[in-house]
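S.K.: The structure under discussion is supplied below as structure tokens; questions concerning it will follow.
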Amino acid sequence: MSEVEYCCFIGGLSWSTTDRGLRDAFEKFGDLTDARVVKDKFSGRSRGFGFVTYSDQKAMEEAIEAMNGMDLDGRAIMVDKAQPQASGRDRDMEMVTTVLIAMEITTVDGLEIQVAVAGLEMTDTVATALAHTTDLVEAPDLDRI
């Protein structure tokens, strides 16, 4: 079985919580195979969340039940089963698809509407632009052109 099946997401961590502190708080529920605070790759500072991975499901479930909402280093933490994340390639493909769809639907009756999108904000920007559209315009009949 994959380790992801027994991995807990820990949110709301104090900036001062360390890998060791996370391990100390969660090892009482069972055999931990990993405990880590996620850090910013540039500054090295905590991003306020982390993960603990158990060797069995029972330990993971007990940790979620007992620790969700509890205080750790002065902060109430959120503990839940970690969800698998799409690979980087899948996320990139999703953004490209979103941009291509946006470009495809922005030309109507020869009028081109340009939507500026950049970097990681592509999906949010396109979703915001589409959410603010109030009128639907019928597409031109391409057979008449």
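Residue 62 in UniProt numbering is what sits at position 62 of the sequence shown, and the numbering runs on without skipping anything.
We put the beta carbon where it would ideally sit given N, CA and C, even for glycine.
1) What span of residues does the alpha helix (DSSP H) with Ile-77 cover, start to end?
2) Below 8 angstroms, can you find three or more Cβ-Cβ pairs linking the segment 71-85 to the segment 9-26?
3) Using 8 angstroms as the Cβ pair cut-off and three pairs as the minimum, do the segment 18-36 and the segment 46-54 touch?
4) Using beta-carbon positions only, say whether Gly-48 and Leu-72 come within less than 8 angstroms of one another.
5) Going by the beta-carbon positions, is the gap between Cys-8 and Ala-63 smaller than 8 angstroms?
6) Answer with buried or exposed for Met-70, where buried requires no fewer than 16 other C-beta atoms within 10 angstroms of its C-beta.
7) For Ala-66, count neighbouring C-beta atoms within 10 Å of its own C-beta (all shown protein chains included) and say buried if the count is 16 or more, exposed if not.
8) What are the residues that DSSP puts in a beta bridge with Arg-36?
9) Work out the CA separation of Leu-22 and Gln-85 for me, nearest whole Å.
10) Going by beta carbon distance, what residues of the same chain come within less than 8 angstroms of Lys-81, once the five residues before and after it are set aside?
11) Beta carbon of residue 192, beta carbon of Glu-5: below 8 angstroms?
12) Going by the DSSP bridge assignment, what does Gly-11 pair with across the sheet?
M.R.: Quick answer:
1) As a first step, residue 77 must be located in the sequence shown, where it is residue number 77. No alpha helix (DSSP H) contains Ile-77, which DSSP labels as neither H nor E.
2) yes
3) yes
4) Numbered from 1 along the sequence shown, position 48 holds the residue referred to as residue 48. Numbered from 1 along the sequence shown, position 72 holds the residue referred to as residue 72. It is not a contact, given that the beta carbons lie outside the stated cut-off.
5) In the sequence shown, counting from the first residue as 1, residue 8 sits at position 8. In the sequence shown, counting from the first residue as 1, residue 63 sits at position 63. Yes, the Cβ-Cβ distance between Cys-8 and Ala-63 is below 8 angstroms.
6) Within the sequence shown, the letter at position 70 stands for residue 70. Result: exposed.
7) The sequence position of residue 66 within the sequence shown is 66, counting from 1. Ala-66 should be labelled exposed.
8) Along the sequence shown, read from residue 1 onward, the residue named residue 36 stands at position 36. In DSSP, Arg-36 forms a bridge with Phe-51.
9) Taking the sequence shown and counting its residues from 1, one reaches residue 85 at position 85. Taking the sequence shown and counting its residues from 1, one reaches residue 22 at position 22. Between Gln-85 and Leu-22, the C-alpha separation is close to 22 angstroms.
10) If you number the sequence shown from 1, residue 81 lands on position 81. Within the same chain, Cys-7, Cys-8, Phe-9, Met-60 and Ile-64 come within 8 angstroms of Lys-81 by CB-CB distance, once the 5 residues on both sides are set aside.
11) Residue numbering for the chain in the displayed model covers 1 to 145; residue 192 lies beyond these limits and cannot be assessed.
12) Within the sequence shown, numbered from 1, the residue matching residue 11 stands at position 11. DSSP lists Phe-49 and Met-78 as partners of Gly-11.
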